Amino acid sequence: MPRSDVVRVSGISKPTVNEVVETLLAEGLITESLDGGTERPRRPGPRARLLQFNSRRRLVVGVDVEASRILALLSDLDGTILGSARRPTPHGGRQDEVLRAVRQTVRDVVAQGEADWSAVRAVVVGTPGIVDRESGTVRLVPQLSGWEGRPLARLLSEALAAPVLLEHDVHLAVIGEYWRGVAAGLRNAAYVQIDVGVGMGFLIDGTVYAGADGAAGEVGYLPVVRSRPATGTAAGLGPFEAAAGATAFSALAAEAIARGEETSLRPSRSGEITAASVLAAARDGDRTAAGIVDTVLGHLAGGLASIAAVLNPEIVVLGGEVGEQLGAYLPRLQQQLDAAVPAPPRVHVTSLEDQAIALGAVRRGIDTVERQIFDQLGGATG
């Protein structure tokens with residue numbers, strides 16, 4: 000696009016456009032070249048000089064820190080993913096070990112993208128727990144040893160030698176779904192992550208709602224089930240997540256075995272019966288496993304109905320290690336929701352697999368850098 004078109008489309012004066020263009024050229028954020036194309040007839044006179052956005056001049060990194068693994072994505076400002084890196088989260092690791100693992104994963108993804116570190120202008124890190132943006136601390140995060148109550152935003156920034164934004168992982172996940180997933184273009188959406196715990200991020204009119212203290216979406220504490228497995232109490236889980244999360248499958252399976260029910264379910268070497276093994280056994284025709292799945296799905300539908308009644312989202316996206324495996328049960332969940340609330344949302348499993356949080360972090364990083372650019376331009380367009 001030549002400068003004259005920028006003036007015409009934007010309605011900004013030519014001197015102001017020239018001032019902004021020169022600033023962006025100096026920063027390397029745009030390039031200007033002669034119109035040498037042959038797709039349209041050239042007009043007599045000097046050739047126009049075309050402006051083009053240099054999306055790789057500034058880069059962002061989105062990071063998802065979970066109890067089991069760390070995932071980092073490198074992106075340019077167009078949202079093109081230039082690299083992906085992951086590594087296991089140090090098991091039972093101290094805070095400094097997890098910080099080192101995050102730093103190395105970020106370095107790996109920048110190297111994979113053959114990028115210069117100086118081009119990275121924002122690193123957004125998604126973490127479990129409730130994030131206090133002012134202090135950069137996290138609470139309610141038992142999954143990561145030594146993570147709670149520490150100034151993580153500052154510590155991560157020092158470890159990476161780069162600006163770091165710390166965000167609640169499920170809040171980033173719903174951004175990822177809105178940007179690249181099944182919730183694309185839907186301005187009222189909920190993302191429910193089902194692992195050992197259950198959490199939710201949601202959009203209201205296209206904006207993430209975090210609540211007064213950043214604690215919006217802690218749906219694991221919904222009192223939707225009066226009784227819950229004893230393991231839930233021991234693990235400090237809320238009623239909903241104890242009844243509909245990963246431990247619900249394990250607890251109900253253990254109870255069935257203790258009662259002597261006929262089943263193929265057996266504890267692993269660690270003594271656990273995982274949600275994945277229960278779901279697999281149910282698919283293979285194990286009646287006990289199928290009954291467990293029915294019970295957990297009933298609890299899940301009750302929680303989703305509560306969410307739908309309060310927020311009225313257009314869509315509920317299920318993610319997390321358990322949520323990603325529920326695709327075969329969507330018709331059943333949808334039927335129960337349709338019967339429970341007057342305006343039921345559509346229920347889908349994430350199409351982003353385990354990348355929703357990291358992609359949401361990338362989008363948040365791009366938005367941050369774009370604001371930095373506009374702030375740098377100052378009042379030139381005012």
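If you count by numbering that gives the first Met the number 0, then the sequence shown holds residues 0 to 381, one letter each, in order.
Using N, Cα and C, we set each Cβ at its ideal position, and we do this for glycine too.
This structure is a prediction, so every number in the text was calculated from the model and none was measured.
#1: Please list the segments of the alpha helix (DSSP H) lying wholly inside the stretch 237 to 308, counting only runs of 4 or more residues, in order along the chain.
#2: Let me check one thing: in DSSP terms, what residues is M199 bridge-paired to?
#3: What are the start and end residues of the alpha helix (DSSP H) that includes T387?
#4: A152 and R102 look like a contact to me (Cβ under 8 Å); what is the Cβ gap, rounded to whole Å?
#5: Do you know how far the Cα of A338 is from the Cα of S12?
#6: Smallest Cα separation from A211: which of A245, I129, V321?
#7: When burial is assigned at 16 or more other CB atoms within 10 Å of the CB, is H90 buried or exposed?
#8: Suppose you measure from the CA of D353 to the CA of E18; what does that come to, to the nearest Å?
#9: When you compare each of T104, V109, L70 to R120 by their alpha carbons, which one comes out closest?
#10: Just verifying my parser: in three-state terms, what is the DSSP assignment at D63?
#11: Using a 10 Å radius around the Cβ and a threshold of 16 neighbouring Cβ atoms, would you call G359 buried or exposed?
#12: Provide the residue(s) that pair with S134 in DSSP beta bridges, ordered along the chain.
#13: Can you tell me whether S74 is helix, strand or coil according to DSSP?
#14: Looking at the strands, I want to know which residues DSSP matches up with R85.
#15: Looking only at its own chain, which residues have a Cβ that is under 8 Å from the Cβ of R86, when we skip the five neighbours before and after it?
#16: Anyone know if the C-beta pair for G216 and M199 falls short of 8 Å?
Quick answer:
#1: 238 to 243, 245 to 257, 274 to 282
#2: Reading the sequence shown from its first residue, position 200 is the one you call residue 199. Per DSSP, V191.
#3: There is simply no residue 387 to check, as the chain begins at 0 and stops at 381 in what is shown.
#4: On the sequence shown, position 153 is the one that residue 152 refers to. On the sequence shown, position 103 is the one that residue 102 refers to. With a Cβ gap of about 14 Å, A152 and R102 do not count as contacting.
#5: If you number the sequence shown from 1, residue 12 lands on position 13. If you number the sequence shown from 1, residue 338 lands on position 339. Those two C-alpha atoms are separated by around 58 Å.
#6: On the sequence shown, residue 211 is found 212 positions in, with the first residue counted as 1. Minimum Cα distance to A211 is reached at I129.
#7: Along the sequence shown, one-based indexing puts residue 90 at 91. The residue is exposed, with fewer than 16 neighbouring Cβ atoms inside 10 Å.
#8: Indexing the sequence shown from 1 puts residue 353 at position 354. Indexing the sequence shown from 1 puts residue 18 at position 19. Roughly 44 Å separates the two Cα atoms.
#9: In the sequence shown, counting from the first residue as 1, residue 120 sits at position 121. Per the Cα distances, V109.
#10: Residue 63 sits at position 64 when you count from the first residue of the sequence shown. In the structure shown, D63 sits in a strand (DSSP, three-state: E or B).
#11: Stepping through the sequence shown from its first residue, residue 359 is reached at position 360. With 16 or more Cβ atoms within 10 Å of its Cβ, G359 is classed as buried.
#12: Locating residue 134 in the sequence shown gives position 135, counting from the first residue. DSSP, once it has assigned bridges, lists no residue as partnering S134.
#13: For the purposes of this step, residue 74 is identified with residue 75 of the sequence shown, where counting begins at 1. Correct three-state label for S74: strand.
#14: Numbered from its first residue, the sequence shown carries residue 85 at position 86. Paired residue(s): L70.
#15: For this step, residue 86 is matched to residue 87 along the sequence shown. Counting only Cβ-Cβ distances below 8 Å, and skipping sequence neighbours, we find R68, I69, A100, Q103, T104, D107.
#16: Counting from one through the sequence shown, the residue named residue 216 turns up at place 217. Counting from one through the sequence shown, the residue named residue 199 turns up at place 200. Contact: yes.
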